[in-house]
Amino acid sequence: MNRRQLFGAGVALLATLGLTGCKEDAAPQAAASAAAPAVENITWKMVTSWPKNYPALGTGAERFAERVTTMSGGRLTIKVYAGGELVPPLEVFDAVSQGTAELGHSASYYWKGKTSASQFFTAVPFGLSTLEMNAWLHNGGGMALWEEAYAPFGIKPIHVGNTTMQMGGWFNKEINSLEDLKGLKIRMPGLGGEVLNRLGATTVNMPGGEVFTAMQTGAIDATDWVSPYNDLAFGIHKAAKYYYYPSWQEPQAAIELLVNQKAWATLPDDLKAIVEEAARGATQVLINDYIYHNAKALAELTRQGTELKRFPDTVLAAMRHESEQVLEQLASQSELNGRIWASMKAFREESTLMQNISEKELHNWR
Numbered sequence: 146m147n148r149r150q151l152f153g154a155g156v157a158l159l160a161t162l163g164l165t166g167c168k169e170d171a172a173p174q175a176a177a178s179a180a181a182p183a184v185e186n187i188t189w190k191m192v193t194s195w196p197k198n199y200p201a202l203g204t205g206a207e208r209f210a211e212r213v214t215t216m217s218g219g220r221l222t223i224k225v226y227a228g229g230e231l232v233p234p235l236e237v238f239d240a241v242s243q244g245t246a247e248l249g250h251s252a253s254y255y256w257k258g259k260t261s262a263s264q265f266f267t268a269v270p271f272g273l274s275t276l277e278m279n280a281w282l283h284n285g286g287g288m289a290l291w292e293e294a295y296a297p298f299g300i301k302p303i304h305v306g307n308t309t310m311q312m313g314g315w316f317n318k319e320i321n322s323l324e325d326l327k328g329l330k331i332r333m334p335g336l337g338g339e340v341l342n343r344l345g346a347t348t349v350n351m352p353g354g355e356v357f358t359a360m361q362t363g364a365i366d367a368t369d370w371v372s373p374y375n376d377l378a379f380g381i382h383k384a385a386k387y388y389y390y391p392s393w394q395e396p397q398a399a400i401e402l403l404v405n406q407k408a409w410a411t412l413p414d415d416l417k418a419i420v421e422e423a424a425r426g427a428t429q430v431l432i433n434d435y436i437y438h439n440a441k442a443l444a445e446l447t448r449q450g451t452e453l454k455r456f457p458d459t460v461l462a463a464m465r466h467e468s469e470q471v472l473e474q475l476a477s478q479s480e481l482n483g484r485i486w487a488s489m490k491a492f493r494e495e496s497t498l499m500q501n502i503s504e505k506e507l508h509n510w511r
């Protein structure tokens, strides 16, 4: 065999071996591909307590849903329903518990009729600040207690936002003493409402979308809602004259994602992680929204004639005293409530020194 024939024979042999190898490698790959299950695309419903496209709260729910879709590559899609579109705003808890929707976006103190422990996880009068609440939930055992409170209802709670410090509320009457609170009909949910009841007011709970009309028609005499950003959007300043501070009743307000436990159990681990990380990101985005837009909205409200008023020290002192009584009574209602309040109160006391020489000093000097 000459050199040219030898070379040709060698090339043919290598080609044959290469093709054989390709066939041998391709066979298990094809089998594995045939055995691999198709990626399932999941669609969940999320009901909320907020009006459609409402600044921060409503749009925050939408942004969370979009983040989940993007992070999951479309494997998990969440359809958001504003309050009243699928269920009424104050029936979100039941909808998730019963499986009408897999998710809910709301505030926990609306569900005190289901479990009294829920009131601890939105806001406690004269309680934790925004950053302290976040730290207690995620580092101080707060989330485990929240999960324990909701477990009997088949719901897993996830922290999904915070409105930061709110305002004391809108009044059509000046509050110069405790006597001025007596007989007032005030929209205020949660533990703050319990305190005002003790001080002679009558409190009611209603969705945010009904607040303006109730104030305008005189159905209520005063209301809290959130803070300048949301209050300006509702136009409450057109129905009330005085805007009171500080927000003794909600020094922060945590927002919750309610997850149906049975639906949660069906998710693969990576999608569970995506939901949790999307919620963590949504929390920071909501905080940023409120800090930025509250500053601008407050300036606009005062420009339009809103009168800022501070509650007198004597009134605040009475509110604080009654708040402690309400919280101790709530803690005594169950062993779980007692553990929640003991944990939260201990962290509040532990954190006070650091806050006094850091955040408080900054704001005082500035």
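For the record, in the sequence shown the residue sitting at position 96 is 241 according to our numbering, with numbers rising by one throughout. By construction, the Cβ of each residue, glycine as well, lies at the ideal position given by its N, Cα and C atoms.
Entirely enclosed beta strand (DSSP E) segments - the segment 256 to 317, minimum 3 residues
300 to 307, 314 to 316
Where Ala-399 falls: helix, strand or coil (DSSP):
strand
Give me the Cα-Cα distance between Arg-484 and Ala-399, rounded to the nearest whole angstrom.
19 angstroms
Quick one: is Pro-334 buried, meaning 16 or more other Cβ sit within 10 Å of its Cβ, or exposed?
buried
Cutting at 8 angstroms between CB atoms, please list the residues of its own chain near Phe-456, excluding the five before and the five after it.
Gly-313, Ile-320, Tyr-389, Tyr-390, Pro-391, Trp-393, Met-464
Could you check if Lys-441 is buried or exposed, using at least 16 other CB atoms within 10 Å of its CB as the buried criterion?
exposed
Suppose you measure from the CA of Thr-222 to the CA of Gly-229; what does that come to, to the nearest Å?
21 angstroms
Just checking my contact of Arg-208 with Leu-416 at CB under 8 angstroms: how many whole Å lie between their CB atoms?
18 angstroms between Cβ atoms; not a contact.
Thinking C-beta only, is Thr-308 closer than 7 angstroms to Val-371?
yes
Is it buried or exposed, Ile-381, if we count other Cβ atoms within 10 angstroms and call 16 or more buried?
buried
Element boundaries [beta strand (DSSP E), containing Met-489]
No beta strand (DSSP E) contains Met-489, which is instead part of the alpha helix (DSSP H) from 480 to 501.
Mapping DSSP to helix, strand and coil, what is Glu-185?
coil
Beta-carbon separation (whole angstroms), Val-269 vs Leu-231, contact threshold 8 angstroms
Incorrect: roughly 31 angstroms between the Cβ atoms, too far for contact.
Which residues mark the beginning and the end of the alpha helix (DSSP H) in which Lys-454 is found?
Taken as a continuous stretch (DSSP letters only), Lys-454 belongs to no alpha helix (DSSP H), being part of the beta strand (DSSP E) at 452 to 455.
The beta strand (DSSP E) with Lys-224 in it runs from where to where?
221 to 226
If you draw a straight line from the C-alpha of Glu-185 to the C-alpha of Pro-396, how long is it?
43 angstroms
Roughly how many whole angstroms lie between the Cα atoms of Ala-423 and Thr-204?
14 angstroms
Report the rounded CA-to-CA distance for Val-305 versus Gln-361, giving the unit in angstroms.
32 angstroms
Just to confirm my understanding: we take Cys-167, look at its own chain, exclude 5 residues before and 5 after, and list those with CB closer than 8 angstroms. What are they?
For Cys-167, the predicted structure reports a pLDDT of 41, less than 50, and the residue's modelled location is therefore unreliable. A value from the coordinates is still provided. Taken in chain order, the list of residues that qualify is empty.
The segment 253 to 269 / the segment 336 to 348 touching (three or more Cβ pairs under 8 angstroms):
yes
To the nearest angstrom, how far is the alpha carbon of Glu-469 from that of Lys-330?
23 angstroms
In or out: Ala-176 buried (at least 16 other Cβ within 10 Å) or exposed?
In this predicted model, Ala-176 has a pLDDT of only 45, less than 50, meaning its place in the structure is not dependable; the value taken from the coordinates is given anyway. By the neighbour-count rule (16 or more Cβ atoms within 10 Å), Ala-176 is not buried but exposed.
Compare the C-alpha of Gln-264 against each of Leu-276, Ala-294, Gly-286, Ala-246 and name the closest.
Ala-294
Roughly how many angstroms separate the alpha carbons of Leu-344 and Asn-509, rounded to a whole number?
31 angstroms
Taking the straight line between their C-alpha atoms, what separation do you get for Thr-364 and Asn-284?
One point to set straight first is that residue 364 is Ala, not Thr, in the sequence displayed. Roughly 43 angstroms between the two C-alpha positions.
Below 7 angstroms between beta carbons: does that hold for Glu-247 and Trp-189?
yes
Under the three-state DSSP convention, the category Gly-166 falls into
Any reading at Gly-166 is ruled out, since the residue's pLDDT is 44, under 50, leaving its predicted position unreliable.
One question on the structure: do Ala-384 and Phe-357 come within less than 7 angstroms of each other, judged by their Cβ atoms?
yes
Under the three-state reduction of DSSP, which class applies to Tyr-389: helix, strand or coil?
strand
State the beta-bridge partners of Ile-331 as determined by DSSP.
Thr-348, Ala-367
What is the rounded straight-line gap between the Cα of Glu-277 and the Cα of Gln-500?
9 angstroms
Can you give me the C-alpha to C-alpha distance between Asp-325 and Asn-342, rounded to a whole angstrom?
13 angstroms
Among the residues of its own chain, which have a CB less than 6 angstroms from the CB of Pro-413, if the five just before and after it don't count?
none
Residue range of the unbroken beta strand (DSSP E) whose run includes Ser-242:
Unbroken run through Ser-242 is the alpha helix (DSSP H), 237 to 243; no beta strand (DSSP E).
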